[in-house]
Each structure stands twice: as structure tokens, then as C-alpha cells.
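For the sequence shown, our numbering assigns the number 195 to the last residue and increments by one with no breaks. We treat Cβ as the ideally placed atom computed from N, Cα and C, and that holds for glycine. As the structure is a prediction and not an experimental result, all values here were calculated from the model.
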Amino acid sequence: MEATQSFFTYSPVIGLVGFVFALMTYAWVVKQPAGNAKMTHIATLIENGSMTFLKKEYMILIGFLVVVAALLGAKLGTNSAICYLAGAFMSMLCGYIGMKAATKANVRTAEAAAQSGQGKALSVAFFGGSVMGMAVASLGLLGIALAYKFLTSGSAIEALNGFAMGASSIALFARVGGGIYTEAAGVGADLVG
3 MEATQSFFTY
13 SPVIGLVGFV
23 FALMTYAWVV
33 KQPAGNAKMT
43 HIATLIENGS
53 MTFLKKEYMI
63 LIGFLVVVAA
73 LLGAKLGTNS
83 AICYLAGAFM
93 SMLCGYIGMK
103 AATKANVRTA
113 EAAAQSGQGK
123 ALSVAFFGGS
133 VMGMAVASLG
143 LLGIALAYKF
153 LTSGSAIEAL
163 NGFAMGASSI
173 ALFARVGGGI
183 YTEAAGVGAD
193 LVG
């Protein structure tokens, strides 16, 4: 029992430290040179298009989340519904952070390759991608630890299943929607030449 108590005592702290590390990594990526005016203009268009897509996708998913949360609340109880929404929110937050980091790292990786070569470009790309990885791991750990800490032991496992289901729901739809968006962008690029 003591090991479990220690785990849930330190997990929120470790989750917060990981999230701060993800934000610091994002800040490092953004500080890298973004290239000339043409590069930054194209990068801004890509970022604006990507963020617009993400916002539209999230607006549609919110309706789905409300319906599923209501069904979970009716069948499994309020704790499961709240944890479902919390898991979905954390997953959406990670997606938003990851999209911001990826679109910022995109042009900076190209500029690093042009100016400093392969090593620097790999560093910028790697750290840009690690922002999402660190955000997912740290917010997942933080969410599970907090949910377990504030729920009664009898309903905690059921509610934690709701948390995982919420996070997975967003991940599933974001992956499918992102694939469609990528294909559409590829077709558009082919049409332009």
C-alpha cells in the first residue's frame, strides 16, 4: 500500500515537471530562426490552415463528447462521465500543443538544414516532435493520478476507464481526420504543381 501511496503522491509532480519540460522545449523550437520572408509567409499559411482544421475538428468532436458523456453518466455514473470528459480535454490539449509545435518546427527545420546542415535540422525536428510526446505522457500521468486521488477507491477503476476512453476517442478521431486533411493537402499540392 505504501508504494501505491508514493506513486500517487509523486505522479502529479512528475506530470507537472514533464509538462513544463514540454513547454520549455516548445520555447526552444520557437526561438530557432524561421528563415526568410517567403519561408515565414508559407509557414504562416500552413500554420493557419492546420489550426483552422484542428479548431473545426474539435468543434465537431465536442458534440460527440457530450453525447457519449451523457450515456456514460446514465449507465456508469457521474465519475465516469467526468473522467471521460477530462481525458478527452487532456487529449485535445495535447493535440493543440502538438499541432502548434509541429507547424512551428516545420519551417525552422528547413532553415536549420539550409544554414547549418543535417545535424541541426535533426535537432530542431526531434525537439519539435518531442513536445507532443512529453505533453501526452505528462498530462496522461497527471490526469490519471489526480483522478485516482480524488475518487473513492470503489469507483476509481471504473472512472479511470472513462478517462482512458475519453483520451482514446479524441486520438482516434484526430488520427482519422488528420489523415484526411493530409491527403487533401497532398492533392491540393499536386494540383498546384
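Whether residue i touches residue j by CB criterion (7 Å)
i	j	result
glutamate 197	serine 93	Limits of the chain in this structure are 3 at one end and 195 at the other, which puts residue 197 out of reach.
tyrosine 28	valine 109	no
alanine 90	leucine 124	no
serine 140	glycine 17	yes
Pairwise C-alpha distance: residue j and residue i
i	j	result
alanine 103	glycine 130	6 Å
alanine 137	methionine 41	28 Å
alanine 88	leucine 144	11 Å
alanine 36	alanine 115	11 Å
alanine 158	threonine 11	16 Å
alanine 149	glycine 20	18 Å
alanine 76	leucine 25	37 Å
Pick from the options that is closest to residue i, judged by C-alpha positions
i	options	result
isoleucine 1	Leu95, Lys106 and Thr111	Nothing can be reported for residue 1: it is not among the residues displayed for the chain, which extend from 3 to 195.
alanine 45	Glu113, Lys58, Trp30 and Leu95	Glu113
leucine 74	Ile172, Asn163, Ser170 and Phe175	Asn163
glycine 142	Gly121, Ala127, Gln7 and Met167	Met167
lysine 1	Tyr12, Ala139, Ala39 and Gln34	Residue 1 falls outside the range modelled here, since the chain spans only 3 to 195, and no answer is possible.
glycine 97	Leu78, Lys57, Phe9 and Val69	Lys57
(message) Restricting to runs no shorter than 4 residues, where is the alpha helix (DSSP H) found entirely within the stretch 102-155?
(response) As far as the stretch 102-155 is concerned, its whole alpha helix (DSSP H) runs of at least 4 residues are 120-152.
(request) Would you list, in sequence order, the uninterrupted alpha helix (DSSP H) runs of no fewer than 4 residues that lie entirely inside the stretch 14-91? (result) Taking only runs of at least 4 residues, the alpha helix (DSSP H) segments lying wholly in the stretch 14-91 are 39-78.
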